[in-house]
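Engineer: Pasting a structure below so you can have a look.
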Amino acid sequence: MTFASLQAVGQTFGMVAPLVVAKAFSADLFGSYSLSKMIVFFFAAILVSSSQAPFIVFASQERTQSGKINRAFTVQLMFFTLGLCVFAGLALPLSRQMMAFAGINAGDLLFVLLAFVGLALETFVCNLFMAMGQRVRSSLVELVFGSSSLGFIIAFYLAGSITLRTVFLTYIVSALVVLVTFIKAIDFRQLLPLKVDKRYMKDMLTFTKWIMLGATALYFVNWGDNLVLRYYKSMADIGAYNLGYQIFKGVVMLALIVNSYFLPFVSQHISDGPRMRDYLSRKRSRIFLVGVFCIALLFLAVPYIFNFYGEGYRDSAAVLRILLVGTVPILHTAFYVPILNSLKRYRFHQTVNVFHVVLNLLLDMLLVPVMGLLGAAVATTTAYFCQAVTFEIYFRLRLRKLLWQ
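Quick note on numbering: this note's numbering labels position 61 of the sequence shown as 123, and the sequence is numbered without any gaps.
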């Protein structure tokens, strides 16, 4: 409960920060901010998030066997370093395309790229504590990062100096705050000495390649609407859509705490039938019902939330309400993800993610020209329902007997 509560508060800070930015920015400037974040999270999904689940799974299993995670950590450190190098190698040649896409200049882009470094560093520290079995401390990392980012953004807002550059500056500054705060809490006895294990490297690389495919697909599920909207709609329309979408994404991140919380537990007890039955029957039912109740309350509160924003964001409320319907299947699916990762059924998982993004983009291209912003929201919600149905069928046909025997 402590872990979940701290993560929920941290994710709430992350969800509130864009709302402050939207209040300070016009709809078209918020559109540029949203497309710039799309660039940041593209690199994060490909180069950082893809190794998260493999690291936690292999480290949890290694810790159970030896009490250390130095083999898994060595591979993770190599992946992290390689990711930063690949990022540096891609950012410069693609800079003009990035600026044209987001409607920003070279100075703004520099701060956008620094934001990626900050996000990568925060993610690395957070995953490290998860891998060491310190879930509460991992959630504290997210809490400190989220509260620092929000605090800096509010300070810039009150000082009248909030711009695209200062907003993205908060990422790297907040990551440094995290590093200074938690560096002494890292148990280096679990991490050292560094040891290159070819078997670990091969297995984690295979796992990561499939997760990378799925992370790319998930990225386009989260941000692909903007690609279609960028073609058909103005930057102000993109800003209006993304205000609603930012709140939706915050709710999704809260739902995905289920995966972060239960992944180490499921990895360690995947062969324990009674524990898995308790996880899928009792724990899932209670958390799911509480989650749906909270989603319903937010759905009712949407009109009051958008009273704070001007005419430029008038369509955001309808967008958010449609998207909130899609959070129900997301919450349902979140309980299956730790099982698939623990069983290393990543091929199925990531294949579903690929089909998910293809369906989402096809629906976007069909619905956005007809329904505008609401069409993008309907496309996203429909794709999530289809994904949930696929996961449920697969679980009942392939996994249920295996886990409950």
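All C-beta atoms, glycine included, are put in the ideal place defined by N, C-alpha and C.
(1) Tell me whether residue 463 sits in a helix, a strand or coil according to DSSP, three-state version.
(2) Shortest alpha-carbon distance to residue 155 belongs to which of 91, 168 and 283?
(3) Anyone know if the C-beta pair for residue 289 and residue 234 falls short of 8 Å?
(4) Which two residues bound the contiguous alpha helix (DSSP H) that contains residue 332?
(5) The alpha helix (DSSP H) that contains residue 136, what's its start and end?
(6) Identify every run of the alpha helix (DSSP H) within the stretch 389-459, keeping only runs that are complete inside it and at least 4 residues long; order them along the chain.
(7) Note down the Cα distance separating residue 174 from residue 160, rounded to an integer number of angstroms.
(8) Quick one: grab the DSSP three-state call for residue 74.
(9) Could you give the distance in angstroms between the alpha-carbon of residue 218 and the alpha-carbon of residue 228?
(10) Leaving out five residues on either side along the sequence, give the residues of the same chain with a beta carbon under 8 Å from the beta carbon of residue 332.
(11) Could you tell me the distance, in whole angstroms, from the CA atom of residue 148 to the CA atom of residue 108?
(12) Once DSSP output is grouped into helix, strand and coil, what is the label at residue 156?
(13) Can you check the stretch 303-389 for any alpha helix (DSSP H) of at least 4 residues that lies completely inside it and give the ranges in chain order?
(14) Could you say if the stretch 92-107 and the stretch 286-301 meet the contact criterion of at least three C-beta pairs nearer than 8 Å?
(15) Among 216, 325 and 365, whose alpha-carbon lies nearest the alpha-carbon of residue 79?
(16) Is it a yes or a no for the stretch 198-207 touching the stretch 126-141, going by three-plus beta-carbon pairs under 8 Å?
(17) How big is the Cα-Cα spacing for residue 408 and residue 391?
(18) Which residues mark the beginning and the end of the alpha helix (DSSP H) in which residue 222 is found?
(19) Any idea what DSSP makes of residue 255, helix, strand or coil?
(20) Check each candidate in 336, 293, 418 and 315 and name the one with the smallest Cα separation from residue 162.
(21) Do residue 142 and residue 187 have their C-beta atoms closer together than 8 Å?
(22) Just reading off the alpha helix (DSSP H) that residue 247 is part of, what are its end residues?
(23) Please report how far the alpha carbon of residue 445 lies from the alpha carbon of residue 418, in whole angstroms.
(24) Give a yes or no on contact between the stretch 373-380 and the stretch 348-358, applying the rule of three or more CB pairs nearer than 8 Å.
(25) If you draw a straight line from the C-alpha of residue 283 to the C-alpha of residue 305, how long is it?
(26) Does the Cβ-Cβ distance between residue 166 and residue 98 come in under 8 Å?
(27) Beta-carbon separation of residue 456 and residue 410 under 8 Å?
(28) So, are the CB atoms of residue 325 and residue 248 less than 8 Å apart?
(29) For residue 414 and residue 223, what's the separation of their Cα atoms in angstroms?
(30) Please report the residue range of the alpha helix (DSSP H) in which residue 96 lies.
(31) Which class does residue 296 belong to by DSSP, given the choice of helix, strand or coil?
Structural biologist: The short version:
(1) Stepping through the sequence shown from its first residue, residue 463 is reached at position 401. Correct three-state label for residue 463: helix.
(2) By 1-based counting over the sequence shown, the position of residue 155 is 93. The candidate whose alpha carbon is nearest that of residue 155 is 168.
(3) In the sequence shown, residue 289 corresponds to position 227, counting from 1. In the sequence shown, residue 234 corresponds to position 172, counting from 1. Taking 8 Å as the cut-off, the beta carbon of residue 289 is found no closer than this to the beta carbon of residue 234.
(4) Translated into the one-based positions of the sequence shown, residue 332 becomes position 270. Residue 332 -> no alpha helix (DSSP H), and no H or E assigned at all.
(5) Numbered from its first residue, the sequence shown carries residue 136 at position 74. Residues 132-153.
(6) Considered as a whole, the stretch 389-459 harbours 399-404, 408-433 and 435-456 as its complete alpha helix (DSSP H) runs of no fewer than 4 residues, in chain order.
(7) Translated into the one-based positions of the sequence shown, residue 174 becomes position 112. Translated into the one-based positions of the sequence shown, residue 160 becomes position 98. When only Cα atoms are considered, residue 174 and residue 160 end up about 10 Å apart.
(8) As a working mapping, residue 74 is identified with position 12 in the sequence shown. DSSP places residue 74 in helix when its eight states are reduced to three.
(9) In the sequence shown, the residue the question calls residue 218 occupies position 156. In the sequence shown, the residue the question calls residue 228 occupies position 166. Between the alpha carbons of residue 218 and residue 228 lies a distance of about 7 Å.
(10) Numbered from 1 along the sequence shown, position 270 holds the residue referred to as residue 332. For residue 332, where only same-chain residues beyond five positions count, the Cβ hits under 8 Å are 338, 401, 404, 405 and 465.
(11) As a working note, residue 148 is residue 86 in the sequence shown. As a working note, residue 108 is residue 46 in the sequence shown. Residue 148 and residue 108 have their C-alpha atoms some 10 Å from each other.
(12) Position 94 of the sequence shown, counted from the start, is the residue given in the question as residue 156. Correct three-state label for residue 156: coil.
(13) Counting whole runs of 4 or more residues, the stretch 303-389 contains the alpha helix (DSSP H) stretches 319-331, 335-340 and 346-367.
(14) Segments in contact, yes.
(15) For this step, residue 79 is matched to residue 17 along the sequence shown. Shortest Cα-Cα distance from residue 79 to any of 216, 325 and 365 involves 216.
(16) Too few Cβ pairs lie closer than 8 Å, so no.
(17) For this step, residue 408 is matched to residue 346 along the sequence shown. For this step, residue 391 is matched to residue 329 along the sequence shown. The alpha-carbon separation between residue 408 and residue 391 amounts to approximately 20 Å.
(18) As a working mapping, residue 222 is identified with position 160 in the sequence shown. First-last for residue 222: undefined, no H or E at that position.
(19) Within the sequence shown, residue 255 is the residue found at index 193, counting from 1. Looking at residue 255 - three-state DSSP - the assignment turns out to be coil, as it is neither helix nor strand.
(20) Working through the sequence shown from its first residue, we reach residue 162 at position 100. It is 293 whose Cα lies nearest to the Cα of residue 162.
(21) Residue mapping note: residue 142 aligns to position 80 of the sequence shown, counting from 1. Residue mapping note: residue 187 aligns to position 125 of the sequence shown, counting from 1. Not a contact, by the Cβ cut-off of 8 Å.
(22) Position 185 of the sequence shown, counted from the first residue, corresponds to residue 247. Boundaries for residue 247: no alpha helix (DSSP H) harbours it, and the DSSP string shows neither H nor E there.
(23) Residue mapping note: residue 445 aligns to position 383 of the sequence shown, counting from 1. Residue mapping note: residue 418 aligns to position 356 of the sequence shown, counting from 1. Distance between the alpha carbons of residue 445 and residue 418 is about 6 Å.
(24) In this structure the stretch 373-380 does not touch the stretch 348-358; the number of beta carbon pairs closer than 8 Å is below three.
(25) Walking along the sequence shown from the start, residue 283 turns up at place 221. Walking along the sequence shown from the start, residue 305 turns up at place 243. Within the model, the alpha-carbon separation for residue 283 versus residue 305 is close to 17 Å.
(26) Here the question's residue 166 lines up with position 104 in the sequence shown. Here the question's residue 98 lines up with position 36 in the sequence shown. With contacts defined by Cβ atoms closer than 8 Å, residue 166 and residue 98 form a contacting pair.
(27) Residue mapping note: residue 456 aligns to position 394 of the sequence shown, counting from 1. Residue mapping note: residue 410 aligns to position 348 of the sequence shown, counting from 1. Going by C-beta atoms, residue 456 is nearer than 8 Å to residue 410.
(28) For this step, residue 325 is matched to residue 263 along the sequence shown. For this step, residue 248 is matched to residue 186 along the sequence shown. 8 Å or more divides the Cβ of residue 325 from the Cβ of residue 248.
(29) One-based indexing of the sequence shown puts residue 414 at position 352. One-based indexing of the sequence shown puts residue 223 at position 161. Looking at the two C-alpha atoms, the distance is approximately 44 Å.
(30) Taking the first residue of the sequence shown as position 1, residue 96 is located at position 34. Note, residue 96: alpha helix (DSSP H), 89-109.
(31) Translated into positions along the sequence shown, residue 296 becomes position 234. Residue 296: coil per DSSP, three-state reduction.
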